[in-house]
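Residue numbers (UniProt numbering): 1 to 97. Notes for the one structure printed next.
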């Protein structure tokens, strides 16, 4: 794959989706502390009841620049992904390339 000529890479569109938590992490958080610092505020991580929410986004870029950043309003499946590509990537592909 890396052996492709430079002209090949000039026509590649890179895309990805990502989740951003509005408050903290939704995974396990490790805190380093000594034995007597259990409740010291500098050694604790604040939390929010009910998770605090998150935002899912999708975007793309090429050598020419970046595409539109799309807010995702539901779980990504193949049909939703196709809709995103049709509505956001294909109309902009002439501009991006």
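Think of the CB as a built atom: it goes at the ideal place given N, C-alpha and C, for glycine as much as any other residue. Source: prediction; values computed, not measured.
Exposed unless 16 or more other CB atoms sit within 10 angstroms - verdict on residue i
i	result
residue 67	buried
residue 58	buried
residue 60	buried
residue 44	exposed
residue 47	exposed
Boundaries (first-last residue) of the alpha helix (DSSP H) holding residue i
i	result
residue 39	Where residue 39 is concerned, there is no enclosing alpha helix (DSSP H), given that its DSSP letter is neither H nor E.
residue 172	Outside the shown range of the chain (1 to 97) lies residue 172, about which nothing can therefore be said.
residue 6	6-9
residue 84	78-84
Bridge partners - residue i, DSSP secondary structure assignment
i	result
residue 66	61
residue 55	20
Own chain, CB closer than 6 Å to residue i, minus 5 neighbours either side, in chain order
i	result
residue 33	43
residue 19	54 and 56
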